[in-house]
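Which chain is which? The protein sequence lines are A and B, in order. Residue numbers for the first sequence follow the numbering used here, beginning at 422 and rising by one. Residue numbers for the second sequence follow the numbering used here, beginning at 9 and rising by one. Backbone N, C-alpha and C define an ideal beta-carbon position, used for all residues, glycine too. All figures in this text were calculated on a predicted structure; none of them were measured in a lab. Reading through the structure tokens given below for one structure.
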Amino acid sequence: MCVGVPGKVIEIQPNAAGVTMGKVDFAGIVKEICLAYVPEVKVGEYVIAHAGFAINTLDETEAMEVFETLKQIDDLSELEIPQP
Amino acid sequence: MKYIDEYRREADAQKFIAAIQRVVTRPWAIMEICGGQTHTLIKFGIDRLLPQQVTLVHGPGCPVCVTPLELIDRAIAIARRPEVIFTSFGDMLRVPGSRDDLLSVKARGGDVRMVYSPLDAVKLAQKNPERQVVFFAVGFETTAPGNAMAVWQAKQLGLQNFSILTSHVLVPPAMEAILGSPSNRVQGFLAAGHVCTVMGYWEYEPIATKYRVPIVVTGFEPLDLLQGIYMMLQQLEAGRAQVENQYTRAVKRAGNVPAQKLIAQVFEVTDRKWRGIGEIPRSGYRLREEFAAFDAEKRFDVGSLTAQESPLCIAGQILQGLKKPRDCSAFGTKCTPEHPLGAPMVSSEGACAAYFSYGRA
Chain A
422 MCVGVPGKVI EIQPNAAGVT MGKVDFAGIV KEICLAYVPE VKVGEYVIAH
472 AGFAINTLDE TEAMEVFETL KQIDDLSELE IPQP
Chain B
9 MKYIDEYRRE ADAQKFIAAI QRVVTRPWAI MEICGGQTHT LIKFGIDRLL
59 PQQVTLVHGP GCPVCVTPLE LIDRAIAIAR RPEVIFTSFG DMLRVPGSRD
109 DLLSVKARGG DVRMVYSPLD AVKLAQKNPE RQVVFFAVGF ETTAPGNAMA
159 VWQAKQLGLQ NFSILTSHVL VPPAMEAILG SPSNRVQGFL AAGHVCTVMG
209 YWEYEPIATK YRVPIVVTGF EPLDLLQGIY MMLQQLEAGR AQVENQYTRA
259 VKRAGNVPAQ KLIAQVFEVT DRKWRGIGEI PRSGYRLREE FAAFDAEKRF
309 DVGSLTAQES PLCIAGQILQ GLKKPRDCSA FGTKCTPEHP LGAPMVSSEG
359 ACAAYFSYGR A
């Protein structure tokens, strides 16, 4: 139930009750998703969707952070002297 | 798929495993809170790649598993009523109540429907003004924004035939219940990424300080979990107890403020009973008085119900991290996903279902 899925916003429109809705593409499967909680989102950006609601936009810069850590791990292991 | 594939590369996973091996000098027990994380760990065999000193303890973050049996019996009693269209997320339908589950109500002619979003239930209420539409609003902080929006929208639309049966639970009080237990063996928590996407992680800072326990907000992909475990072990080995955020691409310290605002408008904090664990003070949500008209428990009087757990099921001990699924005598024999005795064997987030699905019998 807490497994959110990343998807790309392809359309943004308010519904009859005035709530911002949108179409989000999940690797080819397009679903109608409520975008009311991500008022800043623009078409083409990625959101984490959960049970029909986008709960956040994905931060493209922060998404690279794990690979920065991996690079640091690489640098550290190169510095290490192999144990006999 | 962007934001998925790059977090599953085996070569990168091996780098983290090697880094973890270099950090660990003694035994540690780490709990991953969320059942979604448990599934990734077991599916990709991450638990087996870690050094032997590292024990992963599976946490209570399975909403289906902790929904009290009495409430499932109540849902079944409401779903049986002829005027009711009972709606729910899929994995709630097969959770065994005392005698029955929601799917068998459907098999006997009850109008039980699976929905993808609580807003689908609101739409059903609009389309079927002569019927009563009830949504089974279970979950942690992650589903609360959606459920709050459904109730808020029903009120805006003036719907008289929509209500929710609420069983909302909260992560921080459950962590404190685990840490306060004399049998606790958890030394660090991987906090549930998407719960923190909604609520932020400032609430965890006093817990880390009070219990001297490190907490790392962690995502759901294999590299997320490995990095979260690596950050956790660095803290444990250094004797630090801080809140750190591994899942920075989706979580900010303050969380999703518009979502928190609507949750606070619709729900208020209350004591909640957790299946297998018992009552935890201030550990859940109930509808505020202004939204009481949308409370299915008040709308449908189904009398008092006496719930009966299976005597074989050890779900409570599994949810508290005291036992593993294979410690259960019924696991994989008397209890399977087709014929579950307890909720952890049903849910896609239950530890027993993860062990069964990925051949850990």
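Practice prompt. Mind reading off the beta-carbon distance from Val65 (chain B) to Val194 (chain B)? Whole number of angstroms is fine, and I expect it under 8 angstroms.
Written response: Between Val194 (chain B) and Val65 (chain B) the Cβ distance is about 6 angstroms, and since that is below 8 angstroms, they are a contact.
Practice prompt. Using a Cβ-Cβ cut-off of less than 7 angstroms, list which residues of the segment 458-478 of chain A approach chain B; keep chain order.
Written response: Within the segment 458-478 of chain A, the qualifying residues are Tyr458, Pro460, Tyr467, Ile469, His471, Ala472, Gly473, Phe474, Ile476, Asn477.
Fill in: Spatially closest choice to Leu244 (chain B) from B:Pro230, B:Asn264, B:Arg257, B:Ile223, by CA coordinates
Residue B:Ile223 is the option with its Cα nearest to Leu244 (chain B).
Worksheet entry | Environment of Lys429 (chain A) [buried if 16+ CB atoms lie within 10 Å] | By the 10 Å Cβ count, Lys429 (chain A) comes out buried.
Worksheet item: So the alpha helix (DSSP H) Phe24 (chain B) belongs to, where does it begin and stop?
Response: In the DSSP annotation of this structure, the continuous segment of the alpha helix (DSSP H) that includes Phe24 (chain B) starts and ends at 18-31.
Discussion item. Alpha carbons only, please: which of A:Pro435, A:Ala484, A:Val451 is nearest the one belonging to Tyr458 (chain A)?
Written reply: Minimum Cα distance to Tyr458 (chain A) is reached at A:Pro435.
Item to complete: Give a single yes or no on whether Phe339 (chain B) has its beta carbon closer than 7 angstroms to a heavy atom of the ligand ATP.
Response: Ligands in the displayed structure: none, and consequently the ligand ATP is not present.
Discussion item. Any beta carbon from chain B within less than 8 angstroms of Thr490 (chain A)'s own beta carbon?
Written reply: Answer yes: the Cβ-Cβ gap between Thr490 (chain A) and chain B drops below 8 angstroms somewhere.
Item to complete: Please name the residue in A:Glu461, A:Gly443, A:Tyr467, A:Lys452 whose C-alpha comes closest to that of Met9 (chain B).
Response: For Met9 (chain B), the nearest C-alpha among the options comes from A:Tyr467.
Worksheet entry | Residues, ordered as in the chain, of the segment 260-284 of chain B that lie near chain A by beta-carbon distance below 7 angstroms | Against chain A - using a Cβ distance shorter than 7 angstroms - the residues of the segment 260-284 of chain B are Asn264, Pro266, Ala267.
Practice prompt. Could you spell out where the beta strand (DSSP E) holding Tyr467 (chain A) opens and where it closes?
Written response: Secondary structure note for Tyr467 (chain A): its beta strand (DSSP E) is the uninterrupted segment 467-471.
Worksheet item: Taking 8 angstroms as the CB-CB cut-off, is Ile431 (chain A) touching chain B?
Response: Any Cβ of chain B closer than 8 angstroms to the Cβ of Ile431 (chain A) would place that residue at the interface, and such an atom is absent.
Practice prompt. Could you have a look at Val206 (chain B) and say whether DSSP puts it in helix, strand or coil?
Written response: DSSP, read as helix, strand or coil, puts Val206 (chain B) in helix.
Worksheet item: Can you tell me the Cα-Cα spacing of Cys70 (chain B) and Phe148 (chain B), whole angstroms?
Response: C-alpha of Cys70 (chain B) to C-alpha of Phe148 (chain B): approximately 8 angstroms in a straight line.
Worksheet item: Hey, out of A:Gly425, A:Gly449, A:Lys463, A:Val426, whose CA is closest to Gly443 (chain A)'s CA?
Response: Per the Cα distances, A:Lys463.
Practice prompt. Using a Cβ-Cβ cut-off of less than 9 angstroms, list which residues of the segment 12-30 of chain B approach chain A; keep chain order.
Written response: Per Cβ criterion, the list reads Ile12, Glu14, Tyr15, Asp20, Lys23, Phe24, Ala26, Ala27, Arg30.
Discussion item. Quick check on this structure: which residue in B:Thr278, B:Phe143, B:Gly196, B:Leu167 has the alpha carbon closest to the alpha carbon of Ala304 (chain B)?
Written reply: Residue B:Phe143 is the option with its Cα nearest to Ala304 (chain B).
Practice prompt. Mind listing the chain B neighbours of Gly425 (chain A)? Cutoff is C-beta to C-beta under 9 angstroms, in chain order.
Written response: Within chain B, the residues near Gly425 (chain A) are Gly44, Thr150, Gly201, His202, Thr205, Phe228, Ala258.
Worksheet entry | Range covered by the beta strand (DSSP E) that runs through Ala359 (chain B) | Run containing Ala359 (chain B): none in the beta strand (DSSP E); it sits in the alpha helix (DSSP H), 359-365.
Worksheet item: What residue does the alpha helix (DSSP H) around Cys455 (chain A) start on, and which one ends it?
Response: That residue, Cys455 (chain A), is in no alpha helix (DSSP H); its beta strand (DSSP E) goes 450-455.
Worksheet item: Any beta-carbon of chain A closer than 8 angstroms to the one on Tyr124 (chain B)?
Response: Contact of Tyr124 (chain B) with chain A is assigned, a C-beta pair being separated by under 8 angstroms.
Worksheet item: With 8 angstroms set as the bound, which would you pick, yes or no: does the beta-carbon of Gly154 (chain B) sit closer than that to a beta-carbon of chain A?
Response: True, the Cβ-Cβ gap to chain A drops below 8 angstroms.
Worksheet item: Is the Cβ of Lys332 (chain B) closer than 8 angstroms to any Cβ of chain A?
Response: Lys332 (chain B) does not count as touching chain A.
Worksheet item: Hey, is Glu499 (chain A)'s beta-carbon within less than 8 angstroms of any beta-carbon in chain B?
Response: Chain B contact via Cβ: absent.
Worksheet item: For a contact meaning CB atoms closer than 9 angstroms, what does Asp480 (chain A) contact in chain B?
Response: Ordered by position in chain B, the residues that pass the 9 angstroms Cβ test against Asp480 (chain A) are Thr256, Arg257, Ala258, Lys260.
Practice prompt. Could you tell me which chain A residues have their CB closer than 9 angstroms to the CB of Leu127 (chain B), listed as they occur along the chain?
Written response: Those are Asn436, Val440, Met442, Glu453, Cys455, Gly473, Phe474, listed as they occur along chain A.
Worksheet item: Buried or exposed: Thr95 (chain B), going by 16 or more other Cβ atoms within 10 Å of its Cβ?
Response: Residue burial annotation: Thr95 (chain B) is buried, with at least 16 other C-beta atoms found within 10 angstroms of its C-beta.
Fill in: Spatial distance of Gln316 (chain B) from Ala267 (chain B) (CA atoms)
The straight-line gap separating the alpha-carbon atoms of Gln316 (chain B) and Ala267 (chain B) is approximately 37 angstroms.
Discussion item. Classify Trp282 (chain B): buried if its beta carbon has 16 or more other beta carbons within 10 angstroms, exposed otherwise.
Written reply: Using a 10 angstroms sphere on the CB of Trp282 (chain B), the tally of other CB atoms reaches 16 or more, which defines it as buried.
Practice prompt. Would you mind sorting Glu481 (chain A) into buried or exposed? The rule is 16 or more other CB atoms within 10 Å of its CB.
Written response: So Glu481 (chain A) ends up on the exposed side.
Item to complete: Report the three-state DSSP secondary structure of Val464 (chain A) (helix, strand or coil).
Response: Collapsing the DSSP output to three states places Val464 (chain A) in coil.
Practice prompt. Report yes or no: is there a C-beta of chain A within less than 8 angstroms of the C-beta of Gln3 (chain B)?
Written response: The displayed coordinates of chain B run from 9 to 369. Any statement about residue 3 (chain B) would go beyond what the structure contains.
Worksheet item: Taking C-alpha atoms, which residue in B:Ala359, B:Val159, B:Val206 lies nearest to Ala300 (chain B)?
Response: Comparing Cα positions, the closest option is B:Val159.
Practice prompt. May I ask you to list, following chain order, the residues of the segment 306-320 of chain B that have a beta carbon less than 7 angstroms from some beta carbon of chain A?
Written response: Against chain A - using a Cβ distance shorter than 7 angstroms - the segment 306-320 of chain B contributes no residues.
Fill in: Residues of its chain near Trp210 (chain B), where Cβ-Cβ distance is below 6 angstroms and the 5 sequence neighbours each way are ignored
Correct list, in chain order: Arg261.
Fill in: Beta carbon of Asp232 (chain B) nearer than 8 angstroms to that of Gln250 (chain B)
A distance of 8 angstroms or more separates the beta carbons of Asp232 (chain B) and Gln250 (chain B).
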